[in-house]
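Residue numbers -13 to 184, in this note's numbering, belong to the letters of the sequence shown in order.
From the three backbone atoms N, C-alpha and C, an ideal C-beta is built for every residue, glycine too.
Since we're looking at a predicted model, the values are computed, not measured.
Read the structure below first, then the notes.
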Amino acid sequence: MVIVVGTLFIILFMYQLVKFLEVLLKMSQKPAFPINSEDTAIRKHPDRKLAPPTYQEQKWGIILFTAMLVFWLVMFVVGLIDSSDGWTLTLLLFIPTMYSHDLFNMFAVYGDGLVSGSRFIPWKNIKSYEFKFIDINHKYYGHSKEINDKGYELIIKQRVFSTSVIVVSEDAKEKLTEILSSHVACNNDKKMIKESAV
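Listed below in structure tokens is the structure:
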């Protein structure tokens, strides 16, 4: 049992580490969107503007995510040294990772995918997207006057998960629609070709 739990821990830890390094690598590249300050009319949270996808602007997210990974590793090693079965509870520490994608307050589009929070999403993994108008019945209504009856929630659906951002301006919505429609339509065409070939 110890070997199974240890192997599971190592797999989950390595997955999180690789995904974190992938986002850090993307942050070193120049995004295709947002390019200027007018394009920053997008938010992860209704009341907080996005920070640019740079190391300097995202340093607290990087520090917290690194500290979280180091803490898991230390707990795992302490559990191995202690050699009691209590260390298997360290697997429960992975539950907060489901919400750790909000540690980074950023959204950026690159040539091979997009970064939303601490997740890099390749174009091939995006199934669909949808803009929902933020009206009085929307969950984000009332958080900020800028988004009430003016903004949209962009929901990007993947295979298993979905991610969302808030788009405040019509200009940003049009640019994102153009970018997303070209890539998502390309993905759907490839899927149809594969299905018809079978």
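How many Å lie between residue i and residue j at the Cα?
i      : j      : result
G103   : I(-4)  : 23 Å
V170   : F19    : 16 Å
V(-10) : F6     : 24 Å
D98    : P108   : 6 Å
G(-8)  : E8     : 24 Å
T149   : V(-12) : 35 Å
G65    : S86    : 23 Å
A53    : I67    : 21 Å
K136   : W58    : 42 Å
N91    : L100   : 14 Å
S182   : Y96    : Residue placement at S182 is poorly supported in this model, since its pLDDT is 33, which falls under 50; the coordinates still yield a value, given next. Straight-line Cα distance between these residues: approximately 30 Å.
V63    : H124   : 45 Å
I120   : N134   : 6 Å
For residue i, tell me which candidate among the options has the shortest Cα-Cα distance.
i    : options                 : result
Y138 : S167, M61 and K159      : K159
K35  : Q42, H87 and F93        : F93
M0   : A27, K16 and T83        : T83
Q15  : T40, V4, P32 and Q2     : T40
R29  : P17, I152, V56 and L162 : I152
K161 : F80, A27 and D88        : A27
F117 : L140, D33, V60 and L78  : L140
K12  : I165, F106 and E164     : F106
DSSP has residue i in a bridge; who is on the other side?
i     : result
S102  : F93 and R105
T(-7) : The partner list for T(-7) (beta bridge, DSSP) is empty, contrary to what the question assumes.
I122  : In DSSP, I122 forms no bridge with anything.
R34   : H31
Subject >> Inter-stretch contact (C-beta, 8 Å, three-pair minimum) for the region 135 to 148 and the region 100 to 119 >> reply: The region 135 to 148 is in contact with the region 100 to 119.
Original post:
Below 8 Å, can you find three or more Cβ-Cβ pairs linking the region 162 to 169 to the region 30 to 49?
Top reply: Touching, no, given that fewer than three Cβ pairs across the two stretches are closer than 8 Å.
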